[in-house]
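Novice: Below you'll find the structure I mean.
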Amino acid sequence: MAPINLPYYVPTSELPQPLPTNQEIHDSTEQLMGMGGRRLVRIGPYVVKYGTGVNCIEAENMLFVKANSVTDTRVEMSSYIVMEYLEGHTLDFEWGLLSAQQKDGISDQLRGIERHGLLDCMFWTGDDACAPLSGPFNTENGLNEAMCDKATYNNLSPEKVEFYRRAFPVVLRDHAPVFTHGDFQRKNIIIKRISPSTIREVQSSDPEDDTFELAVIDWENAGWYPNYWEFAIALFACGSWKDDWHKWVGRSLDLFLNEFVWMQMLRSELWS
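Mapping to the numbering used here: the sequence shown position 177 is 204, numbers consecutive.
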């Protein structure tokens, strides 16, 4: 893939309507998210993410996945990230309404997304002096060492950190690097219901007959990680395990159960 040059502009002929102006963005009353230095607003067919907390790497990640046939949004990035607005609901919103068969179908679609394989909070300190902690890393062992360094930074027991330094080279090794979403949760999966009656002349009012189009959004944490990372972080994000989403995580992604246990232990200690 050729290097990405910023700012990036989608050809005008491919846009559903002219891009919104800065004033139109700031005047939008349809705010979808506001947190710290970031806002997400809708303007017609576009969603715009902007603010002092917006990192341009998210736009670069979306351009990368689009160029490599991963279902995602169109992007125009200057000092704002302007994206196509996707009709539908988050998978988190729809999950309790789905049958097991529909969950299977969605999981199969997610598994079918081409995966090509570090912005994870594991490597963030907020201290420029610790910048090497976030890589890039030439080897998996370099990443393992950075996780141990983060444990030291977070004041874990030196003896526990030493245990991780002995264990990680044995249990976290020989994993291929793959391009990873990094925040594989239902809130970042948009699904659009398709009733059979919309694609053929069939009258059906049973929601269990619906199929779905889906897209994965929010590529802010994406990057090249060991191939166990997506599964481990997705399972960790199940949180309080109040429903059956964890079953379909294992259907949507390759299983790395041993690696998950180690990541669960470390991450729980870092943020407990």
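Glycine included, C-beta positions come from ideal geometry on N, C-alpha and C. Note that the structure is a prediction, hence the values are computed from the model and not measured.
Taking a contact to mean a Cβ-Cβ separation below 8 Å, would you say R81 touches R65 in this structure?
Specialist: The sequence given here places Val at residue 81; Arg does not occur at that position. Cβ distance < 8 Å, so V81 and R65 count as in contact.
Novice: Output needed for N285: all residues of its chain with C-beta closer than 8 Å, excluding positions within five of it in sequence on either side, in chain order.
Specialist: For N285, same chain residues with a beta-carbon under 8 Å away, outside a window of 5 residues either side, are V198 in chain order.
Novice: Would you report the Cα separation of V68 and G61, rounded to the nearest angstrom?
Specialist: 9 Å
Novice: If you drop the 5 nearest sequence neighbours on each side, which residues of the same chain put their C-beta closer than 8 Å to that of E57?
Specialist: V68, R69, I70
Novice: Return the chain-ordered list of same chain residues with a C-beta closer than 7 Å to the C-beta of L297, the five sequence neighbours on each side being excluded.
Specialist: Short of 7 Å from the beta carbon of L297, and not among the five residues preceding or following it, lie these beta carbons of its own chain, in chain order: K177, A178, N181.
Novice: Between D270 and K130, what straight-line distance do the alpha-carbon atoms span, to the nearest angstrom?
Specialist: 13 Å
Novice: Apart from the five residues just before and just after F283, which ones in its own chain have a Cβ nearer than 7 Å to its Cβ?
Specialist: Y255, F258, A259
Novice: As a quick exercise: from L183, I133, I52, S161, pick the residue whose alpha carbon is nearest that of G277.
Specialist: In this structure, I133 is the residue among L183, I133, I52, S161 with its C-alpha nearest to the C-alpha of G277.
Novice: Taking the continuous alpha helix (DSSP H) assigned at V75, which residues delimit it?
Specialist: Per DSSP, V75 belongs to no alpha helix (DSSP H); it is in the beta strand (DSSP E), 73 to 77.
Novice: With a Cβ-Cβ cutoff of 8 Å, do I218 and E114 count as a contact?
Specialist: no
Novice: Whose CA, out of G169, T48, D54, L90, lies closest to the CA of V37?
Specialist: L90
Novice: Under 8 Å between the Cβ atoms of C175 and F206?
Specialist: no
Novice: Measuring only the C-alpha atoms, how far is Y252 from Y191?
Specialist: 19 Å
Novice: With a Cβ-Cβ cutoff of 8 Å, do P234 and L124 count as a contact?
Specialist: yes
Novice: Tell me where the beta strand (DSSP E) around Y252 begins and ends.
Specialist: 250 to 253
Novice: For W289 and Y77, I'd like the C-alpha separation in whole angstroms.
Specialist: Between the alpha carbons of W289 and Y77 lies a gap of roughly 36 Å.
Novice: I need the DSSP call for E240, collapsed to helix, strand or coil.
Specialist: Residue state, collapsed to three classes: strand.
Novice: Hey, would you say D135 sits closer than 8 Å to R213, going by beta carbons?
Specialist: no
Novice: Using DSSP with H/G/I as helix, E/B as strand and the rest coil, what is F287?
Specialist: helix
Novice: If you drop the 5 nearest sequence neighbours on each side, which residues of the same chain put their C-beta closer than 6 Å to that of A249?
Specialist: N88, H208, G209
Novice: What does DSSP give as the partner residue(s) for P185 in the beta ladder?
Specialist: Per DSSP, P185 has no beta bridge partner at all.
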